[in-house]
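Asks: Heads up: the protein sequence lines correspond to chains A and B, in order. When you number the first sequence by the working numbering, it's gap-free, plus one each residue, and the end is 295. When you number the second sequence by the working numbering, it's gap-free, plus one each residue, and the end is 684.
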Amino acid sequence: MEIPYTVSTRPDTGLWNAKIGIWLFLASEVMLFGGLFSAYIFLRIDAAPGMWPHGVLNVPVGTFNTCILIMSSVTVVLAWAALKMRRYRAYWWYMLATISCGIIFLVVKLAYEWPQKYDHFGIYIKSEALGKYEQYLGNAYAAEKELPPRLEITGHLHNPAALTDPNIKEYEVALDPLNADPTNPSMDRPHFLPLTVTHKIATIEKADVERATMFLPTHNAYFASYFTITGLHGLHVLAGVIVFIYMWLPVSKKVYQRNPEHLANRVEVSGLFWHFVDLIWIFVFPLFYLL
Amino acid sequence: MDASTSVETHHEPHGHDAAHEHHELGFWRKYIFSTDHKVIGIQYGLCGMVFLFFGFCLMMMMRWQLAYPGQAMPVIGKWLPHIFGAESMPDGKMTPNFYNSLGAMHGTIMIFLGVVPLAFAAFGNFVVPLQIGAPDMTFPKVNAASFWAFAVGGVVMSMSFFVPGGAAKGGWTSYVPLAAFDDTGPGRNPVFNGQTLWLIGFIFLITSSLLGAVNFITTIIQLRAKGLTWMRLPFFVWAQFVTAFLLLLAFPPLEAAIIMQLMDRLAHTSFFLPAGLVVNGAPVSISGGGNPLLWQHLFWFLGHPEVYVLILPAFGIVAEILANNSRKPLWGYKSLVFSVLVIGFLSFIVWAHHMWLTGMGSAVSAFFQTTTLLISIPSVIILSAFFISLWGGSIRFTVPMLFATAFLPMFGIGGLTGIPLAFNSADLYLHDTYYVIAHFHYIVAPGTIFGLFAGIYHWFPKATGRKMNDFWGKVHFWPTLVCMNVIFLPMFLQGMAGMHRRWYDGGQGWGVANEHTIWGLTGFQWNHPISWAAWIMGLAQIPFIINFFWCIKHGEKVNDNPWEATTLEWTAPSPPPHGNFVHTPVAYRGPYEYSLPGRERDFTMQSEPVEPAERTRRKPAAEPVLA
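Shown next as structure tokens:
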């Protein structure tokens with residue numbers, strides 16, 4: 005028994021099966037990420053003033069990753085075109101380039117961007133103690149310039165033992181530039197280039213602290229959605245890479261030798277998925293890095 | 058092929074050859090890890106029926122607690138502590154926590170492990186490719202993956218009864234913040250606890266329905282037989298087509314919500330948890346900033362289309378059976394098709410009518426109230442068309458037809474009682490009362506499940522080559538019909554008297570359930586007849602179960618088209634071999650050509666070519682279109 009239209013097109017619809025299948029699958033994926041993005045909107049609109057951080061991600065690295073993904077979308081099209089022209093060697097190289105781009109993206113994300121967050125420390129100050137730390141927060145200055153209130157002191161934790169030891173009564177934090185110099189007008193807006201932590205150290209009493217954690221999903225709604233959405237997107241990149249590796253391995257050369265059009269169709273379908281993953285990133289990047 | 062002789066031709070040696078080619082497949086590949094749509098359909102069907110019965114058993118246990126609160130369960134009360142643990146059923150008495158588990162899991166199992174697998178996956182898999190004249194689904198391996206994802210989801214859900222703390226108890230809707238803190242804390246595993254397993258099980262079920270939906274839609278678009286144009290599709294195929302779109306597009310937002318609730322439970326985020334939350338008298342240390350309404354919106358974005366996922370396949374089954382047994386064409390085929398499409402579209406924009414009491418604001422409520430009333434229009438068109446289809450027919454009251462005709466008034470009651478709930482002013486009073494329970498159970502229990510029974514009796518001969526016993530079918534039907542009404546009609550009264558659906562003691566400790574009588578019984582006392590009817594209905598399923606399994610081997614042998622039906626699945630041998638058809642079928646006409654004038658027989662199959670004499674009698678639209 006042979007299932008019709010797996011490779012050739014059905015005359016009245018003009019499509020082969022998997023092409024419809026992948027578009028339907030992508031429609032479903034749109035709804036999945038749509039659900040997550042609408043959660044992002046909900047949470048952001050709901051966030052109390054000062055509770056939605058800006059400029060905490062590394063924009064140049066994000067830009068680099070965006071370029072990598074866009075490049076991989078180009079190479080996957082070239083790989084497909086090479087197959088259509090029956091140039092397997094060229095296909096092999098373009099596919100390798102696509103796979104490499106996918107892996108570079110994941111490495112940058114998992115080995116560089118995420119760990120940087122785990123390393124960063126944020127302390128929400130109790131509202132009654134905000135005045136005590138005015139020198140780091142500059143709320144009077146922020147109010148005057150109509151900036152959102154500043155409720156958080158961030159930087160690198162100098163005494164990590166304070167996280168677990170109840171006998172240590174304060175956190176020592178090497179401050180981020182904003183908290184080191186809160187009335188500096190250049191700190192009013194996020195910067196494109198990331199700023200390094202200063203050498204200025206602040207001592208914050210635990211009694212004045214509302215909540216203090218590393219930049220983990222627990223830290224606030226922003227990081228919760230950041231890690232969830234980029235994590236799920238990363239899983240999609242990983243899935244795409246695995247599929248591409250399968251199509252690049254010698255196993256798929258046999259499919260090519262039997263019916264080159266079959267492999268071309270497979271690359272087209274997985275390429276559509278790859279473009280979709282790319283497109284999701286095009287939404288993720290501005291939502292988390294820029295806006 | 059001359060299709061008028063199709064009934065007789067299938068036992069030619071040719072058909073046997075087709076079956077012989079595949080004999081090299083071993084037992085495991087043929088029956089367990091099969092990629093054949095018929096085997097997968099039957100696997101789904103058997104699992105779905107087992108889960109339906111399991112979910113019904115949970116409810117029969119709850120009915121004891123509602124009628125006789127706090128009393129030890131007779132007979133089985135001795136074993137239950139050994140099965141569900143002594144902390145759930147000490148001395149055979151149900152604890153409130155266990156009652157909540159049963160309620161949550163009854164809903165979850167019935168809907169997602171019982172009705173959807175049976176109505177959509179089982180009937181869809183078995184019948185749709187046959188009805189469109191296809192050799193199989195477009196992606197047989199994906200189809201098998203879909204079934205196995207479902208099986209894993211089912212195992213995970215069932216397993217959750219046996220972890221410390223028992224199965225999920227936050228209701229089938231798993232509303233936060235309750236569900237976010239259920240089964241957490243000392244003595245509870247962070248992953249192997251009821252609520253977390255519920256979420257993980259759901260991810261598998263959603264994956265399963267995604268794979269199934271993609272497969273169904275592609276199959277219907279691509280593998281229709283030659284000549285089977287869109288407006289010649291049996292209504293059942295249309296219903297499944299729209300259902301597949303609902304599953305495809307409505308489930309993913311719930312998956313997003315489930316991922317977020319998993320994050321809330323495992324990574325301690327606050328997607329759904331507002332700041333300043335107090336649990337058990339102590340403030341919890343969370344970042345806050347989340348919103349419980351977000352969960353409700355995402356949940357009901359699935360939840361409402363899901364209702365139509367439950368009912369549309371039943372519409373499809375009933376349509377086939379009504380036309381077949383009234384021996385006349387389905388009335389208003391085109392309006393039926395367009396109605397089902399409109400329902401599919403509107404079902405995506407009515408979800409917030411489940412949330413009238415959340416304080417969304419009157420503008421939002423007004424919008425959803427309007428769309429909710431709009432969706433009743435196509436539903437009424439469908440039901441009216443079914444009723445009119447009976448008019449003037451020469452009805453055969455076969456067992457499937459009994460269930461299909463009973464479906465009509467039962468679904469009618471369920472649908473019409475929903476209209477007061479659609480108005481947010483009336484719903485303020487009726488919300489979360491037994492009225493709501495009665496309303497949606499009239500739709501899914503004597504509605505959808507009757508449709509499913511009808512379908513099982515109707516297509517059983519196609520799957521096995523044998524018919525189920527008529528007498529025992531009637532013994533199954535009549536008590537089930539009576540009990541269904543004894544169970545659910547009084548619930549309208551209870552609900553209008555103000556009884557709340559989540560009372561663990563059945564209302565015994567509540568004034569409103571005891572101070573007034575309705576037709577001679579107090580609200581609480583009405584629990585007795587309801588519970589007894591539920592248990593009797595449980596007994597009434599025994600004839601069905603025995604009939605079903607007995608007739609697989611010993612039922613009366615029948616030919617390939619025992620119901621004298623018209624659609625393409627009846628041109629295939631019974632049971633159809635791998636690859637389904639002996640000759641590739643071609644459709645020459647619409648799906649319901651019953652009692653065509655000038656014909657010897659009162660049914661004309663889709664595969665019978667249009668005769669020259671017929672052409673002159675017909676409108677040009679009926680000309681064969683060969684795509």
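Even glycine gets a Cβ: it sits at the ideal position worked out from N, Cα and C.
Does DSSP put residue 125 of chain A in a helix, in a strand, or in coil?
Replies: Looking at residue 125 of chain A - three-state DSSP - the assignment turns out to be strand.
Asks: Taking a Cβ distance cut-off of 8 Å, strictly less, list which residues of the region 113 to 137 of chain B are near chain A, in chain order.
Replies: So the list is empty, because no residue satisfies the distance condition.
Asks: Return the chain-ordered list of same chain residues with a C-beta closer than 8 Å to the C-beta of residue 449 of chain B, the five sequence neighbours on each side being excluded.
Replies: Cβ within range, chain order: 385.
Asks: Identify, in the order they occur along the chain, each residue of the same chain with its Cβ nearer than 6 Å to the Cβ of residue 461 of chain B, setting aside the five sequence neighbours on each side.
Replies: Contacts found: 375, 378, 379, 511.
Asks: Report the neighbours of residue 353 of chain B on chain A: residues whose CB is nearer than 7 Å to its CB, in chain order.
Replies: The premise fails here: residue 353 of chain B is roughly 11 Å from chain A at the closest Cβ pair, so nothing lies under 7 Å.
Asks: Find out if the Cβ-Cβ distance for the pair residue 311 of chain B, residue 234 of chain B is shorter than 8 Å.
Replies: No; because the gap between Cβ atoms is not below 8 Å, this pair is not in contact.
Asks: Give me the Cα-Cα distance between residue 641 of chain B and residue 97 of chain B, rounded to the nearest whole angstrom.
Replies: Taking the straight line joining both Cα atoms gives about 22 Å.
Asks: Using a cut-off of 7 Å between C-beta atoms, extract the partners of residue 228 of chain A located in chain B.
Replies: In chain order: 320, 326, 327, 328.
Asks: Using the Cα positions of residue 227 of chain B and residue 274 of chain A, report the straight-line distance between them to the nearest angstrom.
Replies: So the alpha carbons of these two residues sit roughly 40 Å apart.
Asks: Let me know the beta strand (DSSP E) ranges lying completely inside the region 353 to 406 of chain B, each 3 residues or longer, listed in chain order.
Replies: Taking only runs of at least 3 residues, no beta strand (DSSP E) segment lies wholly in the region 353 to 406 of chain B.
Asks: Does the beta carbon of residue 373 of chain B fall short of 7 Å from some heavy atom of the ligand NAD?
Replies: Ligands in the displayed structure: none, and consequently the ligand NAD is not present.
Asks: Which ranges would you report for the alpha helix (DSSP H) in the region 190 to 219 of chain B if only whole runs of at least 4 residues count?
Replies: Correct list: 197 to 216.
Asks: Determine whether the Cβ of residue 243 of chain A lies closer than 8 Å to any Cβ atom of chain B.
Replies: Not an interface residue.
Asks: Do you know offhand how far residue 19 of chain A's Cα is from residue 468 of chain B's?
Replies: The alpha-carbon atoms of residue 19 of chain A and residue 468 of chain B are separated by roughly 39 Å.
Asks: When you compare the CB of residue 50 of chain A with every CB in chain B, is at least one pair closer than 8 Å?
Replies: So yes, residue 50 of chain A belongs to the interface.
Asks: So which residues of chain A does residue 337 of chain B contact, with C-beta pairs closer than 8 Å?
Replies: Correct list: empty, because the minimum Cβ distance to chain A is about 20 Å.
Asks: Using the rule of at least 16 other Cβ atoms within 10 Å of the residue's Cβ for burial, across every protein chain shown, is residue 239 of chain B buried or exposed?
Replies: It is buried - the Cβ of residue 239 of chain B has at least 16 other Cβ atoms within 10 Å.
Asks: Which runs of the alpha helix (DSSP H), 4 residues or longer, sit entirely within the region 410 to 460 of chain B?
Replies: Entirely contained in the region 410 to 460 of chain B, the alpha helix (DSSP H) runs reaching 4 residues are, in chain order, 419 to 447.
Asks: Which residue comes first and which comes last in the alpha helix (DSSP H) that contains residue 179 of chain B?
Replies: Neither: residue 179 of chain B is in no alpha helix (DSSP H) and is coded neither H nor E.
Asks: When you check each C-beta in the region 52 to 65 of chain A against every C-beta of chain B, which residues fall closer than 8 Å?
Replies: If the cut-off is 8 Å between Cβ atoms, the region 52 to 65 of chain A has 52, 55 near chain B.
Asks: Between the region 265 to 292 of chain B and chain A, which residues of the former have CB atoms less than 8 Å from a CB of the latter, in chain order?
Replies: Listed in sequence order: 267, 270, 271, 272, 274, 275, 278, 279, 280.
Asks: What does residue 39 of chain A reach in chain B if we use C-beta pairs closer than 8 Å?
Replies: Chain B residues near residue 39 of chain A: 309, 310, 311, 312, 313, 314, 355, 358.
Asks: Can you tell which of A/294, A/224, A/253, A/72 has its C-alpha closest to the C-alpha of residue 325 of chain B?
Replies: The shortest Cα separation from residue 325 of chain B among A/294, A/224, A/253, A/72 belongs to A/224.
Asks: Please confirm whether residue 186 of chain A and residue 126 of chain A have their CB atoms less than 8 Å apart.
Replies: No, they are not a contact pair.
Asks: Report back the beta-carbon spacing between residue 541 of chain B and residue 458 of chain B to the nearest angstrom; my notes put them in contact at under 8 Å.
Replies: 18 Å between Cβ atoms; not a contact.
Asks: Looking at chain A, is there any beta carbon in it that lies within less than 8 Å of the beta carbon of residue 306 of chain B?
Replies: Residue 306 of chain B counts as touching chain A.
Asks: For residue 557 of chain B, write down the residues that DSSP places opposite it in a beta bridge.
Replies: BP columns for residue 557 of chain B point to B/490.
Asks: Using a Cβ-Cβ cutoff of less than 7 Å, which residues in the same chain neighbour residue 600 of chain B once the five nearest sequence positions on both sides are dropped?
Replies: Only 529, 532, 533 meet the Cβ criterion.
Asks: Taking any Cβ of chain B, which residues in the region 119 to 130 of chain A have a Cβ under 8 Å from it, in chain order?
Replies: The residues in question: there are none.
Asks: Closer than 9 Å between beta carbons: that is the criterion. Which residues of the region 177 to 197 of chain B meet it against chain A?
Replies: So the close ones are 191, 192, 193, 194, 195, 196, 197.
Asks: So, does the CB of residue 346 of chain B fall closer than 8 Å to a CB anywhere in chain A?
Replies: Cβ-Cβ to chain A under 8 Å: yes for residue 346 of chain B.
Asks: Any contact between the region 628 to 637 of chain B and the region 572 to 589 of chain B? By contact I mean 3 or more CB pairs, one from each, below 8 Å.
Replies: Result no; under three Cβ-Cβ pairs closer than 8 Å.
Asks: Can you grab the Cα-Cα spacing for the pair residue 120 of chain B / residue 82 of chain B, in whole Å?
Replies: So the alpha carbons of these two residues sit roughly 47 Å apart.
Asks: Near residue 134 of chain B, which residues of its chain fall below 6 Å by C-beta distance, leaving aside the five closest residues on each side in sequence?
Replies: Cβ within range, chain order: 149.
Asks: Verify whether the separation of the beta carbon atoms of residue 706 of chain B and residue 524 of chain B is less than 8 Å.
Replies: This structure leaves residue 706 of chain B out entirely; chain B is present only between 58 and 684.
Asks: Quick test of your reading: residue 46 of chain B and residue 608 of chain B, contact by CB under 8 Å. State the CB separation rounded to the nearest angstrom.
Replies: Any question about residue 46 of chain B goes unanswered here, given that chain B covers just 58 to 684.
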